[in-house]
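Okay, so the sequence shown: first residue is 64 according to the working numbering, each after it adds one.
Virtual Cβ for every residue (Gly too), placed ideally from N, Cα, C.
Because the structure is a prediction, the values reported are computed rather than measured.
Okay, so here's the structure we're looking at.
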Amino acid sequence: MPCFHAYYNGASFGFAGSILSDRFLLEPLGDILPLYGHPLFTPWLKKTAQMLGALKKAVERLKAYYEKPDLRLNPLPDPRYPYITCYTPLSSEAEPNPLSMAFRYLDRHPGSSLLFICEEIESKRRLVGKFVLNYSKEAHLICAERRCAPILYDFDVGWHAVVMEFLSHPEYRPPESSNKNLIHSAMKELIGELHRQNYVHGDIRRSSLLVGPEDSVMLLDFDWAGIIGEARYPRRVNPTVDGWNKRPEKVEDGALITVQHDLAMVELLIVDPPSM
C-alpha cells in the first residue's frame with residue numbers, strides 16, 4: 064500500500080511518498096518548504112500553497128483507495144519494474160496511426176538500478192530499456208547509423224525512456240580481452256565523426272564500450288552527450304576513469320564538455336591498468 068509522509072525540521076517541512084515492493088521505496092515529493100522569510104516573497108508562498116493543496120487532494124484519493132482497493136488488475140503489475148510496458152518505434156512516430164509495441168520486463172541489468180532487459184510480446188525480440196534524466200538521442204543515432212551503437216527503437220522526453228537493441232554475450236563482450244590498438248583506432252574515427260556533426264560524448268570509458276564480431280566497437284551511455292558548446296558535466300563527476308586513470312584537466316561539475324576532453328578520454332583507452 065502507498066503512504067504519504069510529512070517531515071519537518073524547525074521552520075522547514077516537506078512531503079515524501081513510500082511503497083513496499085521487492086524493497087522499501089521512499090522518495091521526496093518536491094522541495095523542502097520554508098515557513099520563514101518575507102511575507103511578500105510570492106514564489107515560495109505560491110509553491111507552499113500548491114504543495115499543501117496537492118497533498119490534500121492526494122490524501123483524499125488515498126483514503127478512498129484504502130476504503131475500497133481496486134482489485135480489477137489481474138495479475139497485478141510487478142512492482143520491481145517501471146509501469147511503462149509499450150513503446151512507439153521512431154520509424155512510425157510520424158505516421159497517422161503510429162505503432163504501439165508491447166513488451167515485458169525480464170530482469171534488471173546487473174549493476175544498474177534503471178537498466179532493464181526486456182522482450183517484445185509478439186516478436187520475442189530482446190530489448191534494453193533505460194530510464195535517465197539526461198540523454199542525447201541525436202548523438203546515439205549518429206553512432207547507430209555507423210553501426211557503432213545499439214539500434215535506438217524509441218526515445219521519450221521528460222524522464223527519458225530509452226528503448227534500444229539488446230547486445231547479447233558472448234557475441235558482444237567487454238573490451239578487456241580485445242586488441243586495444245584496434246579499439247583505439249575505431250573510437251578515434253567514431254568520435255571524430257561525432258565531433259564533425261557538432262556533438263560531444265563526455266564519458267568515453269572502457270565500461271562504456273562493447274566489442275562485437277570482427278572487433279567492431281559499440282559505444283554506449285549517451286547520458287552526458289550533447290551539442291558542442293552546450294553539453295555540460297553533471298554534478299558529482301567521478302575524477303577517475305575505469306578505476307585507475309584520471310579524467311582530463313578542467314573536467315569538473317558543471318563544466319562544458321569539450322572536444323579536447325573527448326579526445327583525451329579516447330587516448331586513455333590504450334593505457335594499461337597499473338600492475339599490482
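Write down every uninterrupted run of the alpha helix (DSSP H) in the region 235-320 whose length is 4 residues or greater and which is fully enclosed by it, in chain order. Complete alpha helix (DSSP H) runs here, min 4: 243-259.
Quick check on residue 246: buried or exposed, where buried means 16 or more other Cβ atoms within 10 Å of its Cβ? A residue is called buried when at least 16 other Cβ atoms come within 10 angstroms of its Cβ; residue 246 meets this threshold and is buried.
Going by the beta-carbon positions, is the gap between residue 329 and residue 214 smaller than 8 Å? Inclusion of residue 329 and residue 214 in the CB contact set at 8 Å is not warranted, their separation being larger than that value.
Beta-carbon separation of residue 285 and residue 232 under 8 Å? No, Cβ-Cβ distance for residue 285 and residue 232 is not below 8 Å.
Given 8 Å, three or more beta-carbon pairs between the region 166-174 and the region 139-156: Flag = yes, the region 166-174 and the region 139-156 touch.
If you run the structure through DSSP and keep just helix, strand and coil, what is residue 155? In the structure shown, the three-state DSSP call for residue 155 is helix.
Rounded to the nearest angstrom, what separates residue 74 and residue 104 at their Cα positions? So the alpha carbons of these two residues sit roughly 16 Å apart.
Three-state secondary structure assigned by DSSP to residue 171: Three-state DSSP puts residue 171 in a strand.
Residues that DSSP places opposite residue 72 in a beta bridge: In the DSSP output, where bridge partners are listed per residue, residue 72 has 75.
Would you mind sorting residue 192 into buried or exposed? The rule is 16 or more other CB atoms within 10 Å of its CB. So residue 192 ends up on the buried side.
Based on Cα-Cα distance, which residue from 222, 327 and 94 lies nearest to residue 250? If we check each option's Cα against that of residue 250, 327 comes out closest.
Say whether chain B places a C-beta atom closer than 8 Å to the C-beta of residue 247. Among the protein chains of the structure shown there is no chain B, as only one such chain exists.
Assumed close pair residue 272, residue 308 - CB separation to whole angstroms, cut-off 8 Å: For a cut-off of 8 Å, the C-beta gap from residue 272 to residue 308 is around 14 Å, too long to register as a contact.
Excluding the 5 residues preceding and the 5 following residue 155 in the sequence, name in chain order all residues of the same chain whose CB lies nearer than 7 Å to its CB. Excluding residues within five positions, the ones whose Cβ falls inside 7 Å are 161 and 162.
Given 8 Å, three or more beta-carbon pairs between the region 312-323 and the region 289-298: Three or more pairs of CB atoms, one per stretch, sit closer than 8 Å, so the region 312-323 contacts the region 289-298.
Residues bridged to residue 150 (per DSSP): In DSSP, residue 150 forms a bridge with 164.
Note the first and the last residue of the continuous beta strand (DSSP E) segment covering residue 122. Run containing residue 122: none in the beta strand (DSSP E); it sits in the alpha helix (DSSP H), 105-130.
Classify residue 29: buried if its beta carbon has 16 or more other beta carbons within 10 angstroms, exposed otherwise. Because the chain in this structure spans residues 64 to 339, residue 29 falls outside the shown range and cannot be described.
Can you tell me whether residue 193 is helix, strand or coil according to DSSP? Here DSSP, grouped into helix, strand and coil, assigns residue 193 to strand.
What does a CB cutoff of less than 6 Å around residue 282 pick up in its chain, not counting 5 residues either side in sequence? Here the set comprises 206, 211 and 212.
Residues sharing a beta bridge with residue 223, DSSP: For residue 223, which the question treats as bridged, DSSP gives the partners 195.
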